[in-house]
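One structure is given below, encoded as structure tokens.
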Amino acid sequence: MAVTILKPSMSLLLPAQNKMGKIIRIGTRESELAVWQATQVKQLLAQHGYEAELVYIKSEGDIDLNTPLYEMGVQGVFTRSLDSALLNNKIDIAVHSMKDVPTQLPKGILQAAVLKRGPVKDLLVWKGEWEELSTRLGFVNGEWSMVNEDASTIGNTLTTHHLPLTIATSSIRRKAQWLHRYPNSAVENLRGNVNTRLRKLKEENWDAAIFAAAGLQRINLRPENSIELDWMLPAPAQGAIMVVCREEDDYALDACVQFNDADTAFCTKIEREFLRALLGGCSTPISAYAEVIDEEIHFRGNIFSLDGKQKAEYENTVSIPEAAHLGLEAAEEILMHGGKAIADSIKHAGK
1 MAVTILKPSM SLLLPAQNKM GKIIRIGTRE SELAVWQATQ VKQLLAQHGY
51 EAELVYIKSE GDIDLNTPLY EMGVQGVFTR SLDSALLNNK IDIAVHSMKD
101 VPTQLPKGIL QAAVLKRGPV KDLLVWKGEW EELSTRLGFV NGEWSMVNED
151 ASTIGNTLTT HHLPLTIATS SIRRKAQWLH RYPNSAVENL RGNVNTRLRK
201 LKEENWDAAI FAAAGLQRIN LRPENSIELD WMLPAPAQGA IMVVCREEDD
251 YALDACVQFN DADTAFCTKI EREFLRALLG GCSTPISAYA EVIDEEIHFR
301 GNIFSLDGKQ KAEYENTVSI PEAAHLGLEA AEEILMHGGK AIADSIKHAG
351 K
């Protein structure tokens, strides 16, 4: 797949041994998952002859573990501390979970690379007996039953003879999609790193919690009592890792460009443009996923109301050359077909 990426400068032509003259400082959060991601970048740099070290920085999102992300009212709670360290020359590059990165990067910072994408789906981790829970969820013969578009018939039917489910997640996107399918559920806030959230699930009186598959699998913490939510569309750029650097730092840029994955960079660009065009952030239930299939780009995107009762969605498959503005086109279609009313209702609800 032909994708235009940043052109390396002349330093790429230097012999491998000359690349070791400078140690690249990699900024990372302190969580196990963040360190795992930064370590992957360090290993990729080493494969291309660059020496690097990790620098640990605490983020706002790591300090406040009680407030739901969508109530914090700001974007970049997991990235701003790293961006500040980068601009103040305390680190040379920063490694982010791409879904946490605001669609508009700070002035002076640019995207240096995107690693090959990992798992994109969400997982349900449950407690208790799966046989009972699967019945209540409508998971029959290894497949998720269809939901009528009027008012999530499955959820209403299943709660007729069973107590409502209690699900935990800090994601407003997951909450809205879950309530769309199972409107009688109670959804509790769940914050913290992966280990903390798994522990809270064991301690609290919840039926299950929703996690990103990538986070659990990368640090080998996916429990046996988990299942992929095939019907849930992921967050834009979910499963992708972004590396950023200062605009003027050619050395860091040249180093990172060498392991940039073109397909992942192109698909996540489409998803993030879709998100930006809908003016979405962590306080808006927006989902998007683009993938390369047989030299074409297949895209799905949606926006939900906060209670999950309303949604607007878009799906299309186009050739790669036609996909340059697919994210913007998808957002325009959604806004014209119910999305604007949903977005306006969310905006007014926040006032």
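If you're matching positions, the sequence shown starts at 1 in full-length UniProt numbering and goes up one per residue. Here a beta-carbon is modelled for each residue, glycine too, at the ideal position from N, C-alpha and C. Treat the numbers as computed from the prediction; the structure is a model and nothing was measured.
Distance between E53 and A277, taken at the CA atoms: about 37 Å.
Between V243 and V41, the gap from beta carbon to beta carbon is short of 9 Å.
Per DSSP, reduced to three states, the secondary structure at L110 is strand. L306 places its beta carbon less than 9 Å from that of A176. Counting only runs of 3+ residues, the beta strand (DSSP E) found wholly inside the stretch 186-274 occupies 186-188, 208-212, 226-228, 241-246, in chain order.
Judged by DSSP secondary structure, D83 falls within the alpha helix (DSSP H) whose first and last residues are 80-87.
Per DSSP, T284 has no beta bridge partner at all. Rounded to the nearest angstrom, the gap between the Cα atoms of T264 and G239 is 10 Å. Contact between A323 and I270 holds, since their C-beta atoms are separated by about 6 Å, short of 8 Å. For N205, the number of other beta carbons within 10 angstroms of its own is below 16, and it is reported as exposed. Distance from K311 to N302 at the Cβ level is roughly 6 Å; contact confirmed, criterion being Cβ atoms closer than 8 Å. For W126, the pairing in a beta bridge is given by DSSP as A208.
Pairwise C-beta distances place the stretch 223-236 in contact with the stretch 129-144, as three or more of them are shorter than 8 Å. Under DSSP, A312 shares a beta bridge with I303. With fewer than 16 neighbouring CB atoms inside 10 Å of its own CB, D344 falls in the exposed class. Per the coordinates, the alpha-carbon of S59 lies some 21 Å from the alpha-carbon of V114. Straight through space, the alpha carbons of G118 and C245 are spaced by roughly 22 Å. The Cβ-Cβ distance between D100 and F211 does not fall below 9 Å.
In the displayed model, I172 falls within a helix according to three-state DSSP. Note on E224: under 16 other CB atoms within 10 angstroms of its CB, so exposed under the neighbour-count rule. Judged by DSSP secondary structure, A94 falls within the beta strand (DSSP E) whose first and last residues are 93-97. Around the beta-carbon of M336, fewer than 16 other beta-carbon atoms lie within 10 Å, marking it exposed. Within a 10 Å sphere around the beta-carbon of I346 sit 16 or more other beta-carbons, which makes this residue buried. Contact check for L221 against F274 fails: the beta carbons are separated by 9 Å or more.
Contact annotation: V35 and I91 have beta-carbon atoms that are not nearer than 9 Å.
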